[in-house]
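K.L.:
Residues 13 to 264 (our numbering) are what the sequence shown spells out, left to right.
Have a look at this one.
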Amino acid sequence: MAAGAGGGARAKGLSADAPVFYYGPIGGRSAGIAGYPGSADAGYIGYQQRMRRNFVDNERRNVYINHGRRRTNERARRADREESIRRTVYVSELDHTVTEERLAETFANCGQVVDCRICGDPHSVMRFAFIEFSGEEGARAALNLGGTMLGFYPVRVLPSKTAILPVNPKFLPAVTQLDVKSFFEELCGEVSRLRLLGDNVHSTRIAFVEFVNAEGAIQALNCSGMILGTLPVRVSPSKTPVKPRLNRVVSN
């Protein structure tokens, strides 16, 4: 290696660790260099970030709106239920001979009756009922009927603590005992005894049918799958006879 003339500074070679600089055109565009964050790429990334923030903000706004609507609906339902409770009275110690029609007629003198529901075992001596009026005035006036004789017992009338629940129409009994008897007598022969079991909560019920002749019972086994009311019936041989209903004796 030769020395420089005139005793000047010694020339140095390039180092492998020296930084590398990329030069792009004015405006900062990437000029074809892959991965270089030029102005166009930065603008696209910023657009994506804004879209993502807008999406998150909209989702939060929708959640807040839906939550607010649910709270509003819940408050409205609670207010309606509380108003319905104030218009309802509870009647207890109700004789088993009293019907809903008679009960509604008795309390109609207090105000317009919009709903009347007798609850409890229909064969029990004591039952209870809920009566809802169109206004709170009727419910307050009905409290004065406590001690009125309905059937064989005086009734108690108190402010109700609950509203009358609406009945789901699909759970109402669509088939009566007479319907079951007519169905099997037309297809199988004369029916001597029939018991229809179940309640108004379940959509299906159970029946025990006893025929005058054994041939009728055999023929009834072929009725499985036939429609009675709105549902197909399933017929199986019974393991027990139909017991007659015993009338309850009320002791004084």
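Note that CB positions come from ideal geometry on N, CA and C, so glycine has one too.
Do the stretch 95-108 and the stretch 64-73 meet, that is, are 3 or more Cβ pairs less than 8 Å apart?
P.N.:
no
K.L.:
Look at R275 and E105 and say whether their C-beta atoms are less than 8 Å apart.
P.N.:
Not covered by the structure: residue 275. The range shown for the chain is 13 to 264.
K.L.:
DSSP state of V187, grouped into three classes?
P.N.:
coil
K.L.:
Would you list, in sequence order, the uninterrupted alpha helix (DSSP H) runs of no fewer than 4 residues that lie entirely inside the stretch 48-136?
P.N.:
If we require 4 residues or more, the alpha helix (DSSP H) runs fully inside the stretch 48-136 come out as 51-98 and 112-119.
K.L.:
With which residues is R168 paired in a DSSP beta bridge?
P.N.:
S104
K.L.:
On the three-state DSSP scale, how would you describe S146?
P.N.:
It is coil, neither helix nor strand.
K.L.:
Excluding five sequence neighbours on each side, which residues of the same chain lie with their C-beta closer than 8 Å to the C-beta of Q231?
P.N.:
L199, C200 and G201
K.L.:
Could you check where the alpha helix (DSSP H) with E227 kicks off and where it finishes?
P.N.:
Counting along the chain, the alpha helix (DSSP H) containing E227 begins and ends at A226 to A232.
K.L.:
How would you write the range of the beta strand (DSSP E) that R217 sits in, first residue to last?
P.N.:
Judged by DSSP secondary structure, R217 falls outside any beta strand (DSSP E); it is assigned neither H nor E.
K.L.:
Is the separation between the beta-carbon of F145 and that of Q124 shorter than 8 Å?
P.N.:
In this structure, the beta-carbon distance from F145 to Q124 falls below 8 Å.
K.L.:
Taking the straight line between their C-alpha atoms, what separation do you get for F220 and K251?
P.N.:
10 Å
K.L.:
Got a sec, what are the start and stop residues for the beta strand (DSSP E) V203 sits in?
P.N.:
V203 to L209
K.L.:
Is the beta carbon of G132 sitting closer than 8 Å to the one on F140?
P.N.:
yes
K.L.:
Is it right to say T118 is buried, meaning 16 or more other beta carbons lie within 10 angstroms of its own, or is it exposed?
P.N.:
T118 counts as buried, since at least 16 other C-beta atoms from the protein chains shown sit within 10 angstroms of its C-beta.
K.L.:
In chain order, what residues of the same chain lie with their CB nearer than 8 Å to the CB of L190, ignoring the 5 residues before and after it?
P.N.:
Cβ within range, chain order: n/a, list empty.
K.L.:
Out of H108, E222 and A175, which has the shortest C-alpha to C-alpha gap to S194?
P.N.:
E222
K.L.:
Could you give the DSSP three-state label for R246: helix, strand or coil?
P.N.:
DSSP places R246 in the coil class of the three-state scheme, outside both helix and strand.
K.L.:
Can you tell me the Cα-Cα spacing of P171 and E148, whole angstroms?
P.N.:
11 Å
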